[in-house]
Structures are given as structure tokens and as C-alpha cells.
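Quick mapping for you: the protein sequence lines, in order, are chains D and U.
Note that the first sequence covers residues 1236 to 1587 in my numbering.
Note that the second sequence covers residues 1236 to 1587 in my numbering.
Idealized CB from N, CA, C, for every residue including glycine.
2 protein chains.
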Amino acid sequence: MAERYEATGLTAFATRLFEKAGLDSEKAALTAELLVEADLMGHTTHGLQLAPGYLKKLAAGEMTAEGEPEIVADMAAVATWDGRYLPGLWLTSRAVDEAVRRAKSFGVGAVTIRRSHHIGCLAAFLTRATDQGCMLMLASSDPSVASVAPFGGRQPLFTPNPVACGIPTGGDPILIDISASVTTNGLSGRLAGEGRRLPFQWWLDADGNPTDDSAVIERDPPGSILPMGGLDHGHKGYGLALMIETLTQALSGFGRADAPTTWGASVFVQAFDPAAFGGLEAFERQAGWLADACRSNPPRPGMEKVRVPGDAALARKRRALAEGVELYPGIIGALAAEAGRLGVTPPQAIGG
Amino acid sequence: MAERYEATGLTAFATRLFEKAGLDSEKAALTAELLVEADLMGHTTHGLQLAPGYLKKLAAGEMTAEGEPEIVADMAAVATWDGRYLPGLWLTSRAVDEAVRRAKSFGVGAVTIRRSHHIGCLAAFLTRATDQGCMLMLASSDPSVASVAPFGGRQPLFTPNPVACGIPTGGDPILIDISASVTTNGLSGRLAGEGRRLPFQWWLDADGNPTDDSAVIERDPPGSILPMGGLDHGHKGYGLALMIETLTQALSGFGRADAPTTWGASVFVQAFDPAAFGGLEAFERQAGWLADACRSNPPRPGMEKVRVPGDAALARKRRALAEGVELYPGIIGALAAEAGRLGVTPPQAIGG
């Protein structure tokens, strides 16, 4: 059985690591908290697994440690920030708060960020808005990275392009976090590293032939991840990818046309205040009915039940808070190496 | 070779049909114009093929012929209308204009419509906003219809749930129109009517087994259309379906929880003014670069080239305006029957 850790201990440990690496206490604490939140929800490729990479980028000066984003534009319901490669989880949590604040005044609020550093797990931000009775949409792309080809093509052009949505229901919120590609860079890389294949042909080799071997995306010339919908209806995932590239890079005014080389993110954050539309009560009535109708939908052969997005993550989070967080193999070892370098004591496993 | 018709003649003919059926001249003209626009773009399941159904609903009093939408809420950047089952193409074109107007004042503008009648082809509305330098997002669902099951389930719950996006580039706009399901009701019905099957297992029978026979959606008990992503990554299309159901029904405050039985639509319209974000020039530079990068992406085996969404539709439109509109078999016959009933003379085929 894998070792388990108390969430508060992990957050304090990661906060200390980021402080030692040069972040002020607010940036360090929010970054640590949101990475641990992803692990709590079971999104293990986007939790503390990312911390060593962030620490290395701070050490190399490729993640900006200090200061505020620069305001590019600010008008009524919307704002555009230049994130100066500041920590992306901190920037995005600020953008969510700002979008919610503007939604309360204008019905809808949107913030786009150019040149953010990596923003981690999109699902981890959603309850920040749903707890305030707002619906949140959040999307990101990284214009310095290409791993997904447009439908019909074979040369990587897009990132997987996640889009997340938090929906208040009165009870547990619906927490959607999908990408416009059949799978992510994180899962592709993990499978390739472990020499594993999936029973699906989710990748194309550099010649454009379908394959179940994710290692093609790391070859030279590289293969690509298929857009959502795969070979037979991937024009739909391709359309969604173009929407997300545009919301994040064209609205923020910085993207692939600038050929950036720094690991980062272009971010789109939007909040809706249901009170300004048909009312929060009516909103939650519809959304709650829909969630219940999904849960009671009869499962098809081989499926235990129909899940609502967020249900499994919130159940994992409750269990992890009660029983400890089970980290994916290798994560605590990688963190311990950083801790040694920075002089921080790693947490003890529960009962360890 | 199929018969061709002049677009202006088709629009005048359809306008006259809708006027005879009780619509005032503005509602009739906009409805006709937007149906023909869909045919011009080649979206033949959502062009004049829909007109006989609309005329029947007008005759039965199930499409409201007169009056204005009721304002449910109106605040700064957003508004919610009760469409009273007025013609959906007219309502939606008004909502697009209103969203663009609000975007020019607040950076973003959103209009939701409950109880609209059917809104036709979403792609047909997009240039209304992109011609004014705005990015448009448009989504709809019909809470009286269910044909798509949630991922893992086998009972229809959602509509296919289209989402469209118009993106200015400086040149031809990118015009995206996709649904959250692997295919649409329109295509499923057309294939079933023609006894045709596709080489894809895009449907589930009522027991939840995959099938290439779209006729299962018309059986009792009914089968379902799979969410985008199909059996192996349909959780993504399911997430998108929930987002669209929520944007259209929960924000507008009317939906499946009310168990409506009238053919209609819940609609979400949103415009972004790039000038309020990073600037229109920067927006078009990024979006134009992206479109060009797609077009020059090397095609995979069996593909002639990579297309940008909208390219084919705009090329078809240009050809149809020059050479005449080629209607899908059966459409002109169905319209002629309505024309006989209403005392309107059908247009002559070009050279016919």
C-alpha cells in the first residue's frame, strides 16, 4: 500500500519549499495549496508532481518570483493581464477572484492572462467561484508547446488545451475539467516513461499513422496527440481546440504568432453570476435536476453507474482529508531531493 | 445533376411562405434569410429543410407568430429573455446584435433565451458578430427533446447540444459549429430515413450496446447518440454537454426540470469585443496566424489538406451565390406542398 500524508502537512511542506525558492508567503501558500488540492481530487499528474519542475524554473529564473502582473487592459466587465511568468496558480486564483467580483457587478466577468507561468490543474480553481454562487469557465493553452495536430494534419500545433467549468447546484457543484484532445501531455508522458500502452489509438506517429504508443510524441520528428473525437469525429475536438487557443491567446493578445519559448500559459477565466440572469435559485434547480438525472441514468453494460463530473474527485478529497493523501509513486522522492537542496524537512508518512 | 436555385429567389419565396403563415415581415425575412444562409454554407439538414416543420408549427399555434420576447432580467453586460416560442432564428439574431452591443460597452455581453422556438443552424449567425470585429459564442439545447445519453449511461437525456464560435482573423473568419455528441439528430434521422449506416458505432441501442444503426434512436424504448469522444473518451463530450445544458437552461432559468413538451430551444449567446482585451489588431494577428498554421499543416495519409472550420462553408457560399443553391433532394418538393397550401408560387430552378 502506498504511503499516505496529511494534507495540511503536505501544504506546509510545499509552501516552505516555494518560500525557500524565493516566492513571498502569499504566492508560496496559494501555489502549494492548489497543487495539494489537485492531489486531494486525484488529479495526480497535476498535483505535487509539478512542484519539482516549478522549483527548478524558479532556480533558473524562468518563473518570476516577485511582483504583480502588469495591467494590459481594464474595462468594465473584463481585464487583460501580462503575467510576467509569475506563478500561474497564484495568478489564476487572483483572476478567478477578479472575474467573480466583476460578474457580481456586470453579470459576467472575464480576465485573460498572457505570459502566466504554468497554471496546474484547472479543476482545483472551480470551487473558489461556485462557493460564491457563480458559474466559472476556465481555459488555458501554452503557446510555447505543441503536441496536438489539427484534424487531418500530422504536425503538432496545439497544446491539449484544457477547459474547466464549475457549476453550482445547491449541493455538491458539478466540476468539469476536460481537454480538447483525446488525452493530455501529462498522461502521455507518464505512459511513455513507464513503457505502457493503452487499448486505444490516441496518437499519430510523425507520418500521421494512428498508434497506441504515446512515446511517439517524444520522438524527433514528433508524432502528435489526436484531437478529441479521434480519427472519426476529431473535427469536433479540433474546433474546440481553436476556440480555446483563441480565448486564451487571441483575446490576451499574445500567443503562437510570437513564437514564445518559455514554459507558460495563456489563460482565460470567466465567471457568470446567475443572480443577474434567471436567478440563483432557478439556476441551481436546473443544474441540480440535471446532475440527479445523470446519477440515476441506467448504466450501460460494464459500467457500474453514471457519474457526475466532480463526484469522484470530491469523494476522493473527503477521503484524503480524513485518511491522508496517497501520492503517486515517485512524487515524494522527487520532492525530497528538492527539500535536501533547499534545506526543508519533508513530512512524515502517516504511521510512517 | 440536382436542380439549382437563385439564393435571392429562395429567400423571397421562404419569406412569402412565412408571411402567409402569419409572421410579420421582419420575422419572416430574417427566418428565411438565415435558413437560406445555412443552405448556402452547405448545412443542408438545417436550411430550408426545416421550413415545412416551422410552417406546420405556426399553423398549429406551437410557434408564436407575433410580439416581442419578455425581458426576464437585464443588468449591465447581460440579459435574459423569455422567447414565448417566437421564431428562434429571429430571436437569436436579435440576441446576437444585443450581445455585440453590450460587448462594445462592457467588453463582453451575454444574452440567454428561454422558450425560444428552434434556432436552426448556429453557424449562420456568426458573421453577424465577426463582421463587427467581435468574437461570438453561441450554444443551444432543447429541453423538450432527449437523444444523447450521459457517458456510461444508456437512457437519452441531452440534445446533441451545438456550440458555435465565430472568430475574426482580418481575412475570412473562423466559423466553428460542433455538437457535444458524435453526431446530430438531423443526420441520424436522415440516415435512418434512407436506411443507411455509417462505418462508425456512433449510437447505443436501448440496452446500451454500440451500433452503427441510427434507427435505434427512433425505436421504443429508444437508443441514444454517444457523447463526443464515443466509447473510449466520451466523458469529455459528456462534460461539454453538461456545460452547454447549463449555459442554456440553468442561466436562463428554464429547462428539463420543468419538463417542457413544446419543440423549442434554450439559447446562450455571448460576444467578446477584442478591443477591450488585448486589442483587435493583436487578436486578428494571433487568430490569423493560427488559421494559416492549420492550413499549412502537412496532411496525414488519405487527407487532401487540413481545413480551417468555415473555409469549406464560405467557399460553398461563394459558389452558391454565383451558380445557384443546390438543395438536398426532397426539400423543394416538401416546400412546394406548403406553397400550394398557402398560395405562394415556388421559384423556378435555374435553367429549369
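Check your understanding: Using a Cβ-Cβ cut-off of 6 Å (strictly less than) and excluding sequence neighbours within five positions of Gln1367 (chain D), which residues of its own chain qualify?
Key -> Val1335
Review point. What does DSSP give as the partner residues of Met1298 (chain D) in its beta bridges?
Key: Answer is none; Met1298 (chain D) lacks a bridge partner.
Exercise for review: Grab me the residues of Glu1268 (chain U)'s own chain with a C-beta within less than 7 Å of its C-beta, minus the 5 sequence neighbours each way, in chain order.
Suggested key: Thr1246
Practice item. Please classify Ser1382 (chain U): is it buried, with 16 or more other beta-carbons within 10 angstroms of its beta-carbon, or exposed? Key: Counting Cβ neighbours within 10 Å, Ser1382 (chain U) comes out buried, since at least 16 surround it.
Point to revise | Collapsed DSSP secondary structure at Glu1272 (chain U) in the structure displayed | key: Residue state, collapsed to three classes: helix.
Review point. So is Thr1497 (chain U) buried or exposed if we call it buried at 16+ other beta carbons inside 10 Å?
Key: exposed
Practice item. Answer with buried or exposed for Leu1556 (chain U), where buried requires no fewer than 16 other C-beta atoms within 10 angstroms of its C-beta. Key: exposed
Review point. In or out: Gln1583 (chain U) buried (at least 16 other Cβ within 10 Å) or exposed?
Key: Taking a 10 Å sphere around the C-beta of Gln1583 (chain U), we find fewer than 16 other C-beta atoms and assign the residue as exposed.
Review point. Taking C-beta to C-beta, are Thr1394 (chain D) and Arg1349 (chain D) nearer than 9 Å?
Key: Result no, Cβ atoms of Thr1394 (chain D) and Arg1349 (chain D) do not sit closer than 9 Å.
Practice item. Would you please verify whether the beta carbon of Leu1477 (chain U) is less than 9 Å from any beta carbon of chain D? Key: Yes, its Cβ sits closer than 9 Å to a Cβ of chain D.
Practice item. Using a Cβ-Cβ cut-off of 9 Å, state whether Asn1532 (chain D) counts as contacting chain U. Key: yes
Practice item. Mind listing the chain D neighbours of Val1343 (chain U)? Cutoff is C-beta to C-beta under 7 Å, in chain order. Key: Ala1312, Val1313, Val1343, Ala1345
Exercise for review: Determine, using beta carbons only, whether Trp1438 (chain D) comes closer than 9 Å to chain U.
Suggested key: no
Practice item. Taking the CB atoms as reference points, tell me whether Ala1374 (chain D) and Phe1503 (chain D) lie closer together than 9 Å. Key: yes
Review point. Bridge partners of Phe1512 (chain U), per DSSP?
Key: The partner list for Phe1512 (chain U) (beta bridge, DSSP) is empty, contrary to what the question assumes.
Check your understanding: Would you call the CB atoms of Phe1489 (chain U) and Met1372 (chain U) closer than 9 Å?
Key -> The beta carbons of Phe1489 (chain U) and Met1372 (chain U) sit no closer together than 9 Å.
Practice item. Spatial neighbours of Gly1257 (chain U) within its chain, please: CB distance less than 8 Å, with the 5 preceding and 5 following residues excluded, ordered by chain position. Key: Leu1293, Ala1300, Glu1301
Point to revise | His1281 (chain U) beta carbon less than 9 Å from that of Gly1323 (chain U) | key: no
Review point. Along the chain, which unbroken stretches of the alpha helix (DSSP H) at least 4 residues long are found entirely within the segment 1299–1364 of chain U?
Key: At a cut-off of 4 residues, the continuous stretches assigned as alpha helix (DSSP H) that sit fully inside the segment 1299–1364 of chain U are 1323–1341.
Check your understanding: Listing by chain order, which chain U residues have their CB less than 9 Å from the CB of Thr1481 (chain D)?
Key -> Met1370, Cys1400, Ile1402, Ile1409, Phe1518, Gln1521, Ala1522, Leu1525
**Study point:** Assigned exposure category for Lys1540 (chain D) - 16 Cβ within 10 Å defines buried
**Key:** exposed
Check your understanding: Excluding sequence positions up to five away, which residues of its chain have a Cβ less than 7 Å from the Cβ of Ala1511 (chain U)?
Key -> Gly1342
**Study point:** 9 Å Cβ cutoff met for Ile1409 (chain U) and Ala1522 (chain U)
**Key:** yes
Practice item. Report all residues from its chain with a CB closer than 7 Å to the CB of Ile1566 (chain D); omit the five preceding and five following residues, and keep chain order. Key: Leu1283, Gln1284
Check your understanding: Taking just the CA atoms, how far does Gly1387 (chain D) sit from Met1538 (chain U)?
Key -> 6 Å
Check your understanding: Do Asp1448 (chain D) and Phe1435 (chain D) come within 9 Å of each other at the CB atom, strictly closer than that value?
Key -> no
Check your understanding: Using DSSP with H/G/I as helix, E/B as strand and the rest coil, what is Phe1253 (chain D)?
Key -> helix
Practice item. Label Gly1472 (chain D) either buried or exposed according to how many other C-beta atoms from any shown protein chain fall within 10 Å of its C-beta, with 16 as the threshold for buried. Key: buried
Review point. Taking 9 Å as the CB-CB limit, is Asp1412 (chain U) close to chain D?
Key: Under the 9 Å criterion on CB atoms, Asp1412 (chain U) is classed as interfacial with respect to chain D.
Review point. Can you check whether the CB of Gly1545 (chain D) is closer than 9 Å to the CB of Leu1213 (chain D)?
Key: Residue 1213 (chain D) falls outside the range modelled here, since chain D spans only 1236 to 1587, and no answer is possible.
Exercise for review: Return no unless some Cβ of chain U is closer than 9 Å to the Cβ of Thr1207 (chain D).
Suggested key: Given a span of 1236 to 1587 for chain D in the structure shown, any question on residue 1207 (chain D) remains unanswerable.
**Study point:** Exposure label - Arg1553 (chain U); buried when at least 16 CB within 10 Å
**Key:** Around the beta carbon of Arg1553 (chain U), a 10 Å sphere encloses fewer than 16 other beta carbons of the protein chains shown; the residue is thus reported as exposed.
Check your understanding: According to DSSP, which residues form a beta bridge with Glu1561 (chain D)?
Key -> D:Arg1239
Point to revise | Neighbourhood of Pro1287 (chain U) by C-beta distance below 8 Å, restricted to the same chain and skipping five residues each side | key: Ala1569, Leu1570, Ala1572, Glu1573
Review point. From Leu1209 (chain U) to Gly1578 (chain U), what distance separates their C-alpha atoms?
Key: A question about residue 1209 (chain U) goes unanswered here, because the residues of chain U that appear run from 1236 up to 1587.
Exercise for review: Following the continuous alpha helix (DSSP H) through Ser1423 (chain D), name the residue where it begins and the one where it ends.
Suggested key: Ser1423 (chain D) -> alpha helix (DSSP H) spans 1420–1428.
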